[in-house]
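Residue 451 is where the sequence shown starts when you use my numbering, and the numbers rise one by one after that.
Glycine included, each C-beta is placed from N, C-alpha and C at the ideal position.
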Amino acid sequence: MTEESKKEEKIISQDLKDLVMERLDVLSPDMKFFVGADGKEFDKQDLIDSVERGDEIGRQVVEMEMAFLRGLKDGVLLDEIISSD
């Protein structure tokens, strides 16, 4: 891992955390998630807590959300929907 990626890994702005936590908060409380290589089960509150703490799982959740939002912005999601018709 390069020094630059280490710095990026450690710094997640509070605004970004807040965005991800708000997006998670609207999900059903009954939903379960499997995150990480070990496939551990989490509920939405577990993920919200991890994002707030900024731990490894929280960073992975933020990365997944950002990848989704970038794909949405770039039209990747729309392309997938159109191509599946």
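Cutoff 6 Å; reference residue i; Cβ partners in own chain excluding five residues on either side
i: residue 487; result: none
i: residue 521; result: 527
i: residue 508; result: 500, 501
Residue from the options with nearest C-alpha to residue i
i: residue 462; options: 476, 474, 490, 505; result: 505
i: residue 478; options: 509, 465, 497; result: 497
i: residue 476; options: 489, 465, 493, 485; result: 493
Proximity below 9 Å, CB of residue i to CB of residue j
i: residue 511; j: residue 485; result: yes
Residue i - DSSP class collapsed to helix/strand/coil
i: residue 493; result: strand
i: residue 501; result: helix
Residue-chain proximity (residue i, chain C), Cβ-Cβ < 9 Å
i: residue 469; result: Checking the listed chains, one finds no chain C in this structure; it contains a single protein chain.
Any non-hydrogen atom of the ligand MN within 8 Å of residue i CB
i: residue 530; result: Of the ligands one can find in the structure shown there are none, so the ligand MN has no counterpart to examine.
Own chain residues within Cβ distance below 8 Å of residue i, not counting five before or after
i: residue 532; result: none
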